[in-house]
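Trainee: Protein chains in written order, with our numbering: chain A, 320 to 568; chain B, 0 to 96.
Positions of the beta carbon are idealized from the N, C-alpha and C atoms, including for glycine.
1) If the cut is a Cβ gap below 7 Å, which residues of chain B does residue 350 of chain A touch?
2) Taking Cβ-Cβ distances below 9 Å as the criterion, which residues of the segment 15-49 of chain B are in contact with chain A?
3) Within 10 angstroms of the Cβ of residue 0 of chain B, are there 16 or more other Cβ atoms? Answer buried if so, exposed if not.
4) Is DSSP giving residue 29 of chain B helix, strand or coil here?
5) Roughly how many angstroms separate the alpha carbons of residue 491 of chain A and residue 461 of chain A, rounded to a whole number?
6) Using DSSP with H/G/I as helix, E/B as strand and the rest coil, what is residue 24 of chain B?
7) Name the residue from A:415, A:431, A:448 and A:470 whose alpha carbon lies nearest to the alpha carbon of residue 483 of chain A.
8) Give, in chain order, every residue of the segment 506-532 of chain A whose Cβ lies closer than 8 Å to some Cβ of chain B.
9) Can you check which of these residues, A:334, A:554 and A:565, is closest to residue 392 of chain A by C-alpha distance?
10) Roughly how many angstroms separate the alpha carbons of residue 13 of chain B and residue 57 of chain B, rounded to a whole number?
11) Classify residue 336 of chain A: buried if its beta carbon has 16 or more other beta carbons within 10 angstroms, exposed otherwise.
12) How far does the beta strand (DSSP E) with residue 13 of chain B in it reach, from first residue to last?
13) With 16 other CB atoms within 10 Å as the buried threshold, where does residue 486 of chain A fall?
14) Please classify residue 559 of chain A as buried or exposed, where buried requires at least 16 other C-beta atoms within 10 Å of its C-beta.
15) Note down, in chain order, every chain B residue with its Cβ under 7 Å from the Cβ of residue 359 of chain A.
16) Which whole-angstrom value is the C-beta distance of residue 549 of chain A and residue 394 of chain A, which I expect to be below 8 Å?
17) Which same chain residues end up closer than 6 Å to residue 365 of chain A when comparing Cβ atoms and leaving out the 5 residues on each side of it in sequence?
18) Check this for me: beta carbons of residue 38 of chain B and residue 456 of chain A, under 7 Å apart or not?
19) Looking at chain B, is there any beta carbon in it that lies within less than 7 Å of the beta carbon of residue 392 of chain A?
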């Protein structure tokens, strides 16, 4: 049960933390339509996270609710990949982070549709619809930026290169990944990685951008080891439930 | 003081609420290209299941009647009752006329 909960949390924490980063950007996009589009993605992700946290609360049977699990854990109990907590440096970084994550989500949820776990199978089908759109949007932005002005191209290449080193965090198998794959609940991350790599290469090619070749790779996240940024995110997210433990929506 | 619009071109958005229904004008959005236009239209106007079809067209490509032409374009229809389909009995069950 504990392993299964860990597996659920890997899915939910990625969605929650990326959603938080996108929410920080609300009202700061270059123009109104883009602002709406970004917050739409944030809302899709928070919906995904919420459904999974509620299910975790139900599974553990300790009388907690989804919010308790989303907001009241310690930093090393969060198991999101280290990529999604990276800050909103500029629009190119936001889109590169989104693109890498959307491509991962797309192939991950495609595989998860075959899970023997009924809840995960249902959530995979539902999320796949949303994620298909997210991936289309972020792929097109990467292509548009890559083929845009000299500055756009250069900033996007910088973001693609800089965030590349965090991408293995999605694919390195945690103990929960190994166990859940054995139980036919989880997905084979090697398969997901190969498809992800293919898609990323395709889009970068179309965008006239270079595929990063750096082999300096950082693998944190799933085992609770994070970059310096997650602590600040949690401080902000946890301020309210800490100060007003009984607050309701 | 003049401000330059750097948000891309203006596009008009049309939404079809159900298959078979006419597309209705919903509003306008900014976008730099076709893909972005259809996505911005989707994100701005159809997030709550408003439509099953979506058209976008550059605002500059829409030909419209100028205000000073309104008179001779629209007024002559008013005094000819036979131009209005009020002499037919509508069959029961026809909803979209």
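Mentor: In brief:
1) Taking the first residue of the first chain as position 1, residue 350 of chain A is located at position 31. Within chain B, the residues near residue 350 of chain A are 6 and 29.
2) 28, 29, 30, 31, 32, 34, 35, 38, 39, 40, 41, 42, 43 and 46
3) Here the question's residue 0 of chain B lines up with position 1 in the second chain. Low local confidence applies: a pLDDT of 49 at residue 0 of chain B is under 50, so the model's placement there is unreliable, and no value is given.
4) As a first step, residue 29 of chain B is located in the second chain; it is residue number 30 there, counting from the start. It is a strand residue.
5) The residue you call residue 491 of chain A lines up with position 172 of the first chain. The residue you call residue 461 of chain A lines up with position 142 of the first chain. Residue 491 of chain A and residue 461 of chain A: Cα-Cα distance of roughly 25 Å.
6) As a working note, residue 24 of chain B is residue 25 in the second chain. In the structure shown, residue 24 of chain B sits in a strand (DSSP, three-state: E or B).
7) Within the first chain, numbered from 1, the residue matching residue 483 of chain A stands at position 164. The residue with the shortest Cα to Cα distance from residue 483 of chain A is A:415.
8) none
9) One-based indexing of the first chain puts residue 392 of chain A at position 73. Closest option to residue 392 of chain A, Cα to Cα, is A:554.
10) What you label residue 13 of chain B is simply residue 14 of the second chain in a count that begins at 1. What you label residue 57 of chain B is simply residue 58 of the second chain in a count that begins at 1. Going from the Cα of residue 13 of chain B to the Cα of residue 57 of chain B covers about 11 Å.
11) Here residue 336 of chain A refers to the residue found at position 17 of the first chain. Residue 336 of chain A should be labelled buried.
12) The residue you call residue 13 of chain B lines up with position 14 of the second chain. Where residue 13 of chain B is concerned, the enclosing beta strand (DSSP E) stretches over 8-15.
13) Taking the first chain and counting its residues from 1, the one referred to as residue 486 of chain A is at position 167. That one is buried.
14) On the first chain, residue 559 of chain A is found 240 positions in, with the first residue counted as 1. Exposed.
15) Within the first chain, residue 359 of chain A is the residue found at index 40, counting from 1. Near residue 359 of chain A (Cβ distances below 7 Å), the residues of chain B are 42 and 46.
16) Locating residue 549 of chain A in the first chain gives position 230, where the first residue counts as 1. Locating residue 394 of chain A in the first chain gives position 75, where the first residue counts as 1. Yes, they are in contact, since the Cβ atoms of residue 549 of chain A and residue 394 of chain A sit about 6 Å apart, within 8 Å.
17) Here residue 365 of chain A refers to the residue found at position 46 when the first chain is read from its first residue. The answer, listed in chain order, is 338.
18) Residue numbering aside, residue 38 of chain B sits at position 39 when the second chain is read from its first letter. Residue numbering aside, residue 456 of chain A sits at position 137 when the first chain is read from its first letter. Contact flag set, yes.
19) Start at 1 with the first residue of the first chain, and residue 392 of chain A comes out as number 73. No, residue 392 of chain A lies away from the interface with chain B (no Cβ there is under 7 Å from its Cβ).
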